[in-house]
Amino acid sequence: MTEPLIIGAMVRTLGAYPSGWRQSGAHRDPAADADMLRRIAREGEDAGLDYLFFGDWLATGPDLEFRDPYLLARIDPVSAVLFLAGVTSRIGLIATVNTTYADPYTTARSLASLDVLTRGRAGINLVTGAEPRAAGNHGRDAHADNETRYDRAEEFVEALRRLWGSWGEDAWIADAERGVLIDPEALHTADLRGAHVQVAGPLNVARPPQGQIPIVHAGTSPRSRALAATEADLALIAAPTLADAIATRRLLRDIAAEAARSPDALNVIAPVLPVVADTDADARRIVERLLALVPLAEDHQRARRAFPHDRTVAALADAFDVPADDPLRSAAFDAPVTAAEAVRLGEHGARLIERLGLIAGLRVAGAGVSGSGAAGDDPLTWRHLVAAHAVPAAFVVGDAGTIADHFETWRDEGAADGFNVLSAFQPAQFEAFARQAAPELRRRGLLRSAKESAGATLRDRLRISSYVDA
């Protein structure tokens, strides 16, 4: 029997799509995140998801309002998972830590504490950082180069593992009659003195129930892929197509094998942004609304703020190699795209237009039988095109069956071992996935049953072999 997928939720309280917060009823106040986090956690746990995942970003600025508003103000991920430890009982809790700036002892202690408090539900996502402004927030003049960051990250992983291994499995004796609390021979120091990380140990937290806490990593550089393939239990990938995902998963498994690691020990997880509704048509209307609400340049002439450069028709034309004298460059955002204009956007434009027909029910006016949609399709405007090109997303759009078909196809084609589910806005879209798509996934054997999840640690859910002290 085929194993179920690993399915978790990547939590972004302000929504994962830049215009999601503008939807009616959407959460849009980070000061009220506590209530939203509780709601998401209970919904995800009831749906049988394997984990909640919290990313991080170590700086902020006004430019993020238009690019990634969910990064503007957010709860520290370790604080978030510790907060949710008390309102959940089954779901895994994964927090992101930046190895470039974090202290390994403090990190090991926080995650071991979480693992003890949750009886084995802690996980950690290790990143090296991509935001240059983070350096100034941590007393540094500049962000370290890629090689230095990954040299430190490798030592950071070693430090975590040594610290989590401080207490042997039988170190805690607690024999009241003999007055013996511990076996001092089973309490180990870390004694790591690397070029970037030095830590003595032992760790002053009890042995984590999982022994070693699951490690997650994502990235596209050769060093990042090597770290994911050789050290991580979950490798997060960014793959826009099925073919890209198949190739990336195969590459990571090959790297693992070359490092004498079983490729089956590595789980490759792809992002997905399902837009779920009762019908495919209803879901497409939600996507159309999301595209229509993306801030574009002519709507936001704010000289004092940094605004993305790609939110104009001219920028779209540049990307598709449209001649400089073509009049379509001055098209109004809300004007429909004509068939003649669509042709001038070339092959790249044709692919984007086709995709917008699939995910949003938008069609070029007067394109004929092959290009126009059925009755009820909405006209494609330049606003839709610019927004979809400037803010691409891993949209999977439809009812529960359509969403499950996507998950099943990617599993069967060897593209992914699981998915990180993003929600365009909260709470409605996450609840739609949890209440409509998740039961269908479970019916098909793609998501664990409640019985399979009972008493499971995160290592169990991620199909990681039990940790044994060396």
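Numbering (the numbering used here), first residue to last: 870 to 1339.
For every residue, glycine included, the Cβ atom is placed at its ideal position computed from N, Cα and C.
Keep in mind the model is a prediction, meaning the values are calculated, not measured.
Rounded Cβ spacing between residue i and residue j (contact assumed at less than 8 Å)
| i | j | result |
| --- | --- | --- |
| P1140 | R936 | With a Cβ gap of about 17 Å, P1140 and R936 do not count as contacting. |
| Y920 | G955 | No, Y920 and G955 are not in contact; Cβ-Cβ is about 17 Å, not under 8 Å. |
| G1287 | I875 | 3 Å |
| N994 | F922 | 7 Å |
| D1039 | D1052 | 7 Å |
| T929 | L941 | 6 Å |
| T1326 | P1078 | 6 Å |
| G1235 | A1208 | 5 Å |
| I1272 | A1306 | 4 Å |
| L906 | A949 | 6 Å |
| G1270 | T871 | Rounded, the Cβ-Cβ distance is 19 Å, inconsistent with contact. |
Euclidean distance between Cα positions of residue i and residue j
| i | j | result |
| --- | --- | --- |
| G1218 | S888 | 23 Å |
| R1092 | L953 | 33 Å |
| H896 | Y939 | 11 Å |
| A901 | M879 | 18 Å |
| D1268 | E1300 | 13 Å |
| L1056 | D1044 | 17 Å |
| A1128 | S1090 | 17 Å |
| W1251 | L951 | 45 Å |
| S979 | I963 | 12 Å |
| A1244 | L1227 | With a pLDDT of 43 at A1244, under the threshold of 50, the modelled position of that residue is not reliable, and no figure is offered here. |
| E1054 | G1048 | 16 Å |
| A1064 | I1333 | 30 Å |
| D932 | S1131 | 43 Å |
| R1154 | V1144 | 10 Å |
| D1274 | A1297 | 22 Å |
| D1246 | A1150 | 9 Å |
| A910 | P1196 | 51 Å |
| W926 | P1308 | 33 Å |
| A1059 | D984 | 19 Å |
| R1173 | D1187 | The predicted model places R1173 with a pLDDT of 48, which falls under 50 and marks its position as unreliable; any figure quoted below should be read in that light. Approximately 25 Å between the Cα atoms of the pair. |
| V1266 | S1292 | 12 Å |
| G845 | G1037 | Nothing can be reported for residue 845: it is not among the residues displayed for the chain, which extend from 870 to 1339. |
| S1199 | R1312 | 51 Å |
| E1167 | R1180 | 9 Å |
| I1106 | A1095 | 13 Å |
| A1075 | A1108 | 39 Å |
| R1119 | F1276 | 18 Å |
| F1294 | L986 | 30 Å |
Buried/exposed call for residue i, threshold 16 Cβ in 10 Å
| i | result |
| --- | --- |
| I1222 | buried |
| T965 | buried |
| R1122 | buried |
| I1042 | exposed |
| A977 | buried |
| A1146 | buried |
| E1157 | buried |
| T882 | buried |
| G1324 | exposed |
| D1203 | exposed |
| S893 | exposed |
| E1216 | exposed |
| R1062 | exposed |
| L1072 | buried |
| E1024 | buried |
| E912 | buried |
| G877 | buried |
| T1278 | exposed |
| L1050 | exposed |
Pair within 7 Å by beta-carbon distance, residue i and residue j
| i | j | result |
| --- | --- | --- |
| W1033 | A991 | no |
| L1249 | V1206 | yes |
| I1124 | A1098 | yes |
| S1035 | G1070 | yes |
| H1253 | L1225 | yes |
| A1303 | A885 | no |
| I1084 | D1102 | yes |
| Y820 | V1066 | This structure does not reach residue 820, given that the chain is present from 870 up to 1339, and the question cannot be answered. |
| A1183 | V1137 | no |
| L1142 | F1264 | yes |
| A1022 | H1012 | no |
| A1211 | V1233 | yes |
| R891 | L1162 | yes |
| R1317 | P873 | yes |
| E1100 | V1026 | yes |
| H1258 | L1185 | yes |
| R959 | E914 | yes |
| L969 | R1030 | Checking the sequence shown, residue 969 turns out to be Thr, not Leu. No, the pair does not count as a contact, with Cβ atoms beyond the cut-off. |
| L1160 | A1256 | yes |
| G924 | N967 | no |
Proximity test, Cβ basis, 7 Å: residue i and chain D
| i | result |
| --- | --- |
| P1083 | As a matter of chain content, chain D is missing from the structure shown, which is built from one protein chain. |
contact_flag[the stretch 1115-1124, the stretch 1278-1292] where n(CB pairs < 8 Å) is 3 or more: They touch, by the three-pair rule.
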